[in-house]
Amino acid sequence: MPSFSLRVAPATRTVLLGAVLASVAVPGSVVAASAATTTTAPAAPTTPAAPATPGKVVVPAGVSFGGVDLSGLTQTKAKAALRAKLGSKAPSVVPVVVTVAGRPHKLKMSTINYRFDLERLSQAAVKAKPGTQLPVMTTWTSGKTARWFRSMASMRKSTRNATIRIGITKQRTTGSRNGWRVDRGRLESLVTPVLKDPTKGRSLKLAVVRTKPAVTLGGLKRQYGTIITVDRPSFRLRVFKRLKLSKTYKIAVGSEGHTTPAGMYNITSKQVNPAWHVPNSDWAGDLAGQVIPGGAPNNPLKARWLGLRDGIGIHGTSEAWSIGTRASHGCLRMHPSDVIDLYDRIPMGTPVKIR
């Protein structure tokens with residue numbers, strides 16, 4: 001077969017190459033290399049761009065305090081602007097006056113270094129909405145305020161217990177008295193809101209906490225519901241009920257050498273028609289050491305017995321003539337009818353004062 005050469009125009013070659021590349025999946029880099037007449041060096045790596053510096057936080061437009069426009073200022077500059085305007089001015093120079101139990105007590109603003117809280121105001125300014133007029137924010141020296149609170153809380157009126165002095169013919173008493181104290185927590189809750197808001201009224205009244213005495217006159221009347229007193233020189237026995245004289249009886253007391261002992265005692269025993277345990281004493285004679293039954297003719301303890309101590313007590317006697325004299329061996333003698341009347345009036349434990 002005869003050979004021949006096929007010549008293709010340059011434009012036609014370009015079209016044919018494009019058709020071939022279109023029909024074969026070839027990486028783009030290969031395509032680029034094929035299309036280029038010369039090989040180029042790879043591009044040098046690029047340095048990443050530095051991040052943008054964030055914008056400074058500033059006070060929104062129209063935010064102000066006390067006539068000072070803080071718009072566009074940083075917190076630090078806003079604080080400086082407020083300091084320049086307010087200086088050492090206090091939110092109020094009017095003292096807080098707290099009346100306790102009718103007496104006024106002053107808390108002077110100069111004492112506690114009362115001032116505007118510039119730090120909080122500047123912080124609030126950058127967070128405020130546009131056009132905000134900031135409210136008053138105050139601060140003070142907490143230690144000095146705490147000392148004033150502590151001093152106020154130490155005020156009190158002491159309670160007084162009722163007292164009794166047992167007398168022979170009269171019971172002498174002093175009444176009780178209520179007191180009060182200051183509740184520090186209540187005081188702080190009353191004063192602190194006024195310090196935070198200088199527009200609030202500064203004349204305050206603190207209710208005190210009332211305190212009660214442990215012993216009242218009513219309590220003494222219950223405690224000493226019954227009292228017996230014995231006046232040996234006048235041969236009188238008195239009964240007091242609720243501290244008031246209730247009954248008086250004539251009695252006999254101990255003879256010379258057998259004196260009825262003076263002092264404070266209590267009723268320790270009560271018996272109806274008591275047996276007589278005769279003491280081993282010379283004066284008892286042949287009866288010494290014996291027990292004479294109650295109601296026996298030779299038993300001198302007639303009708304009733306109210307014991308005080310060591311064989312000393314109050315009892316009835318058949319020797320009516322002895323009443324009003326020093327005739328017993330230490331006991332307190334009464335007419336049988338009187339000791340029966342007395343017996344039901346006197347509970348166990350009743351105090352007895354003998355003079």
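Quick note: the sequence shown uses UniProt numbering, first residue 1, plus one each step. From the three backbone atoms N, C-alpha and C, an ideal C-beta is built for every residue, glycine too. All values reported here derive from a predicted model rather than from experimental measurement.
*Can you tell me which of the three DSSP states proline 193 falls into?*
helix
_Backbone secondary structure at lysine 89 - three-state DSSP_ = coil
_DSSP-derived helix/strand/coil call for valine 253_ = strand
*Do you know whose CA, among Met264, Thr211, Lys241, lies nearest valine 230's CA?*
Met264
*asked:* Whether or not the stretch 200-216 and the stretch 256-270 are in contact is what I'm after, with contact meaning three or more pairs of Cβ atoms, one per stretch, closer than 8 Å; do they touch?
replied: Fewer than three Cβ pairs drawn from the stretch 256-270 and the stretch 200-216 lie within less than 8 Å of each other, which leaves the two stretches out of contact.
*Touch test, the stretch 226-246 against the stretch 277-287, Cβ-Cβ under 8 Å, three pairs minimum*: With a cut-off of 8 Å on Cβ pairs, the stretch 226-246 is not in contact with the stretch 277-287, counting fewer than three such pairs.
*With a Cβ-Cβ cutoff of 7 Å, do methionine 152 and valine 191 count as a contact?*
Not closer than 7 Å, so no.
*Beta carbon of glycine 294, beta carbon of asparagine 273: below 7 Å?*
yes
*Expressed to the nearest angstrom, what Euclidean distance is found between the alpha-carbon atoms of valine 57 and valine 63?*
14 Å
_Cut-off 7 Å between Cβ atoms - residues of its own chain near glutamine 123, not counting five sequence neighbours on either side_ = Gln75
*asked:* Do alanine 303 and glycine 316 count as a contact pair if the criterion is CB distance below 7 Å?
replied: In this structure, glycine 316 sits near alanine 303, with a CB-CB distance shorter than 7 Å.
*Give every residue of the same chain whose Cβ lies closer than 6 Å to the Cβ of isoleucine 314, excluding the five residues on either side of it in the sequence, and list them in chain order.*
Leu306, Leu332
_Straight-line Cα distance separating glutamine 171 from threonine 245_ = For the record, residue 245 in the displayed sequence is leucine; it is not threonine. Each residue's CA atom was taken as its position, placing leucine 245 and glutamine 171 some 9 Å apart.
_Inter-stretch contact at 8 Å, needing at least 3 Cβ pairs: the stretch 103-123 / the stretch 73-92_ = Touching, yes, given that three or more Cβ pairs across the two stretches are closer than 8 Å.
*When the distance is taken between beta carbons, is valine 97 closer than 7 Å to lysine 106?*
yes
*Among all the DSSP beta bridges, which residues are the ones paired with lysine 302?*
Gly316
*Distance, Cα to Cα, glycine 143 vs serine 88?*
20 Å
*Are alanine 162 and leucine 204 closer than 7 Å when you measure CB to CB?*
no
*Pick helix, strand or coil for alanine 327, following the three-state DSSP scheme.*
strand
*Which two residues bound the contiguous beta strand (DSSP E) that contains lysine 241?*
Start and end: 236-241.
*At what residues does the beta strand (DSSP E) containing arginine 165 begin and finish?*
Unbroken beta strand (DSSP E) run through arginine 165: 163-165.
_Close Cβ partners of leucine 301 (< 6 Å) along its chain, the five nearest in sequence each way excluded_ = Pro274, Trp276, His315
*Cβ of arginine 326 within 7 Å of Cβ of valine 253?*
Yes.
*asked:* Can you list, in chain order, the residues of its chain with a C-beta nearer than 8 Å to that of alanine 320? Leave out the 5 residues immediately preceding and following it.
replied: His335
*Could you have a look at isoleucine 340 and say whether DSSP puts it in helix, strand or coil?*
helix
_According to DSSP, is methionine 152 part of a helix, a strand, or is it coil?_
Looking at methionine 152 - three-state DSSP - the assignment turns out to be helix.
*Give the DSSP bridge partners of threonine 229, in chain order.*
Arg238, Lys353
*asked:* Only counting the same chain, and skipping five residues up and downstream in sequence, which positions put a Cβ closer than 6 Å to that of serine 255?
replied: Arg326, Ala327
*Contact check, arginine 186 vs serine 176, beta carbons under 7 Å*: no
*Would you kindly work out how many angstroms separate the C-alpha atoms of arginine 355 and asparagine 178, rounded to a whole number?*
35 Å
*Grouping DSSP H, G and I as helix and E and B as strand, with all else coil, what is lysine 145?*
Residue identity differs from the one stated: residue 145 is threonine in this sequence, not lysine. Three-state DSSP puts threonine 145 in a helix.
*Could you check where the beta strand (DSSP E) with glutamine 271 kicks off and where it finishes?*
269-272
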